[in-house]
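Number of protein chains: 2
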Amino acid sequence: MSGGGDGGDDGAPVGGGARLRPLRTDLAPVVEAVEAAGADAFVAVGDRFDDDLRYLTRFAGPDRTYALVVVPGATDEREERPNPDSEDPDREDVDSEDAGTGRAVCCAPALFAEQAHREFGDAAGVHDGVVREVRTEGVGDHAGERAAAAVADLLGESEEAPALLVPPSVPHDAAVYLERAGNELSSTDAVTTARARKSDAELDRLRRVQRAAGAGIARAETVLAGSEVGSDEAGRPAVRWAGAPLTTERLRREVNAVLAARGVRDAGNTAIGAGPSAADLHFVGDEPVRPGETVLLDVSPRGPDGYYGDMTRTFVVDGDGGWERRAYVAVEAAREAALAEIEPGVPAKTVHGEAAAELAAYGFDPNAAEGEAGFTHGTGHGVGVSLHEAPSLSGAGELRAGHVVTVEPGVYDPDVGGVRLEDLVAVTDDGYEILAEYPFGIAPEKRE
Amino acid sequence: MSGGGDGGDDGAPVGGGARLRPLRTDLAPVVEAVEAAGADAFVAVGDRFDDDLRYLTRFAGPDRTYALVVVPGATDEREERPNPDSEDPDREDVDSEDAGTGRAVCCAPALFAEQAHREFGDAAGVHDGVVREVRTEGVGDHAGERAAAAVADLLGESEEAPALLVPPSVPHDAAVYLERAGNELSSTDAVTTARARKSDAELDRLRRVQRAAGAGIARAETVLAGSEVGSDEAGRPAVRWAGAPLTTERLRREVNAVLAARGVRDAGNTAIGAGPSAADLHFVGDEPVRPGETVLLDVSPRGPDGYYGDMTRTFVVDGDGGWERRAYVAVEAAREAALAEIEPGVPAKTVHGEAAAELAAYGFDPNAAEGEAGFTHGTGHGVGVSLHEAPSLSGAGELRAGHVVTVEPGVYDPDVGGVRLEDLVAVTDDGYEILAEYPFGIAPEKRE
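Residue numbers (the working numbering), protein chains in the order written: chain A, 23 to 470; chain B, 23 to 470.
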């Protein structure tokens, strides 16, 4: 099967095939944040749906809470993890003997001990000087209590209350455990910042899952191209496929089956609208597909390593070149205008501003509220282990190399439909890379 | 396609087909918990991965945080939501004029306004006397801040600090917003308790997604039944299917494609182990399937309404009747022993105790630690909008009608493999119901 386009889709599964080396996260930025804040440790508590923890530990496991404690400082245990790439066993991976070194303890539920060791404990290939350790505890213990015990153990006795950095959304009960144990908490955005810039290994995962998203779109486009105009049981004009009226739910199942077959773990983020529901930004219901109406497919699967793809295309079966054709041309132009701005050092807002200005030039309201006609959302958002993360193309700050963002201008009319075109774009040293290209065109073509 | 067994699988998709009425949650238990605690309001803050919020609001939307505020008290707005099933427009849905009535405000991100109205705001069919309202705010606002503003607005001015009930894991930053706004917080387990007992509509959703889980197992069993014993490229004995050595990853893709085609949104919880990895409780890696070794399939898809299925079967291709046969017989006996205990009023622990005793009678260690040989986990856990929720079959408390639990005895040997058999069981008024039956047998048979 081909995902189409120039992205070089080889039909390879998202996670397997080439037997990818497991992803590991460099914890040095966390250690540095603790040191820069004059704090003593970093603590995160959450479950497998906490994307900060997923990123930091690569532990995909439990829907029970677990904890990560990171403490800066030289350790005596570095010799336990010799650098396999180094011929000199005494080679230092860090600049000075103390800087950037530390210990990281993952307090995992006992039932997930093996998985925690496999996914977090074995950090082969990471040379951040941080020694990793998995501690397992009984099911009844609260992760906040376990984290407090690990902090006390790692820091030892002290006159002053230990200062802990925590992510802002740490669970309140865990925060209370840590405070009652005598720690002082303050929040840090260090993890958000670290997550925004992707490593080469992360870009590789994003390309793979985005190619899978393209394969999903290709399936839907092929179904639409093979459909025919007829009527439904009530005699209304309807798009028919495989002997029955086509609906958004039938299309979604076709897309998700392709995603699952390619190794995507969570194919649940496929939003498909048809006609007026295409103007609903997150439509996951069941609507008939009608001739002449926009079919908007927003496919954002999550790969086995937790990274999301995000791609949108819009098609019309048997279109008559009315509103939807004008909208498509405008959105294509807005996409080009946005892409032309992307390079390191550019204020992120500029990208949204250019896309909005282009849509305005075509006569669409660039600041419409949701439910009104026009451009009702921002031009893009960061994508990584969260579907929405930093940076926002409507927010403060500058683009930097390694940022990965959607570029997704769209225009909507709640009475008619919607057109959106979305790609995933990595900011490179001198511009941008579209992570997996997929062709354009409002009339569906066979892609398989 | 047939899911096999007596469950009456009709091949129907999980969510569509019969055009299910949307699920709505009775908020009266939340109102009652606030009143019983002498508190003023209930507040929850989280994103779409917060299962308490998903349950309370049925709002599946944002990966940005949102908030729910519930305030007891009679409202003047009841007439805005006449009961469509009642011929008498003045009919009271509650016992007294004030009891059990209240207001619930969902503070949703503006980009998800339409979805919030659709999924939360329209509570047709719920007669809990709670008036629902959606308020939308800009992307930049913090959900904790929005919740604090809604609390102040709903409660009005007061001499005393408002007392708020919150779930224990409310995000710490939201808790701080609420406290700084002058509220006093205490935690409640009312939502956990309410979630444990399923309504008929919830049982219907659980049956549907469990039938899909059975269809996934049926696909894997059919692949195994159609496989043949041969060798891999290294000349080692291997199970081969469709011209290539079969692996756990290939099997998982077959299972997940079936799940996706049936409308399951999250097919990502399919754990398949083969040989020694079958003893790893949460194995999602890629291992070759060898003749004579256990293949353990644990399939726990999430349906479109958020409810999970959870089913495990174990097969051996070309088995020789050794360890795995003895383990299978023991686990089947443990399953029967556990099921025989299930009825309302029975201490949950009894169920685990009987299963463990049966395994011990067959010579397996009933209290093995993970990584050791024997029974390494509890006999079951509640399942609903979380894959693991109350009650636990190893925990305190009694079984009650409406509880839905897994029954999943298993024995493992890290050097050999593992056998687990798992079904989803609802506690009924006089016993139990297996939500979707699936046949047993260690030798795979064609099920499609």
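The C-beta atom is built at its ideal place from N, Cα and C for all residues, glycine as well.
Sequence-distant residues of its chain with Cβ nearer than 6 angstroms to residue i (five each side left out)
i	result
D107(B)	Here the model assigns D107(B) a pLDDT of 43, short of 50, so the residue's position is not dependable, and the following value carries that caveat. Cβ neighbours of D107(B) beyond the five flanking positions: none.
K468(A)	T244 and A247
C128(A)	T79, L90, A138, F142 and V156
P466(B)	E243, L246, A247 and F337
S118(B)	For S118(B), the pLDDT reaches just 41, beneath the cut-off of 50, and the residue's location in the model is therefore unreliable, although a value from the coordinates is still provided. Result list for S118(B): empty, nothing under 6 angstroms.
E102(A)	Confidence at E102(A) is low in this model, with a pLDDT of 43, below 50, so the placement of that residue should be treated as unreliable; the coordinate-derived value is given next. So the list is empty, once near-sequence residues are dropped.
F134(A)	G83 and P84
Residue i vs residue j beta-carbon contact at 8 angstroms
i	j	result
R422(B)	P366(B)	yes
V311(B)	A296(B)	yes
T269(B)	E309(B)	yes
L361(B)	R442(B)	no
T401(A)	E392(A)	no
A132(A)	Y88(A)	no
A264(B)	P413(B)	no
R287(B)	G325(B)	yes
S18(A)	P190(A)	Here chain A covers residues 23 to 470 and nothing more, so residue 18(A) does not appear.
P323(B)	V438(B)	no
L45(B)	R227(B)	yes
A59(A)	L187(A)	yes
D302(B)	A185(B)	no
Y77(B)	V198(B)	no
P94(A)	V67(A)	no
L200(B)	V92(B)	no
G328(B)	V407(B)	yes
A216(B)	L281(B)	no
Contacts that residue i makes with chain A (C-beta to C-beta distance below 9 angstroms)
i	result
H410(B)	P84, D85 and R86
Closer than 7 angstroms at the beta carbon, the chain A residues around residue i
i	result
V5(B)	Residue 5(B) cannot be examined here, being either before or after the span of chain B that is shown, 23 to 470.
R287(B)	G290
L303(B)	L133
A197(B)	H194
Within chain B, partners of residue i - CB distance below 8 angstroms
i	result
L446(A)	Those do not exist, as L446(A) stays about 16 angstroms from chain B at its closest Cβ, beyond 8 angstroms.
H399(A)	L133
Distance cut-off 7 angstroms: residue i Cβ against heavy atoms of the ligand NAD
i	result
A260(A)	The ligand NAD is absent from the structure shown, which contains no ligand whatsoever.
8 angstroms Cβ cut-off: residues of chain A touching residue i
i	result
A132(B)	A391 and E392
Chain-ordered chain B contacts of residue i [CB-CB under 7 angstroms]
i	result
F71(A)	F71
A242(A)	By Cβ distance, chain B contributes nothing, its closest Cβ being about 13 angstroms from A242(A), past 7 angstroms.
Close Cβ partners of residue i (< 8 angstroms) along its chain, the five nearest in sequence each way excluded
i	result
R100(A)	Only weak support is given to the placement of R100(A): the predicted model assigns it a pLDDT of 41, under 50, and the value that follows is read from those uncertain coordinates. The answer, listed in chain order, is T123, G151 and V153.
E276(A)	R241, A242 and V245
H374(B)	A360, G400, T401, G402, L415 and S416
E455(A)	V447 and A448
A379(B)	A359 and P388
Close Cβ partners of residue i (< 7 angstroms) along its chain, the five nearest in sequence each way excluded
i	result
P259(A)	V251, S253, R312 and P313
L381(A)	A352, A356, P388, F397, P431 and V433
A183(B)	G204, N205 and E206
Q232(B)	G331, M333, L446, L457 and A458
R86(A)	D69 and P131
H304(A)	A293
E159(A)	C129, A132 and R168
C-beta neighbour in chain C for residue i, strict 8 angstroms
i	result
P326(A)	The chain inventory of the structure shown lacks chain C, comprising the protein chains A and B.
### Query
For the stretch 135-154 of chain B, which residues have a beta carbon sitting closer than 9 angstroms to at least one beta carbon of chain A?
A135, E136, Q137 and R140
### Query
Mind listing which residues of the stretch 267-282 of chain A have their C-beta closer than 9 angstroms to chain B's C-betas, in chain order?
Result list: T269, E271, R272, R274, R275, E276, V277, N278, A279, V280, L281 and A282.
### Task
Quick one: which unbroken beta strand (DSSP E) runs of 3-plus residues sit fully inside the stretch 311-397 of chain A? Chain order, please.
Counting only runs of 3 or more, we get 316-321 and 333-338.
### Task
Starting from the N-terminal side, write out each stretch of the beta strand (DSSP E) that is 3 residues or longer and does not extend beyond the stretch 54-87 of chain B.
Counting only runs of 3 or more, we get 63-68.
### Interface positions of the stretch 203-224 of chain A facing chain B (Cβ-Cβ less than 9 angstroms), listed along the chain
Here the close residues are L207 and S209.
### Task
Counting only runs of 4+ residues fully inside the stretch 407-443 of chain A, write out the alpha helix (DSSP H) ranges in chain order.
Those alpha helix (DSSP H) runs which fall completely within the stretch 407-443 of chain A and span 4+ residues do not exist here.
### Task
Return the chain-ordered ranges of every beta strand (DSSP E) run that is complete within the stretch 162-208 of chain B and spans a minimum of 3 residues.
185-188
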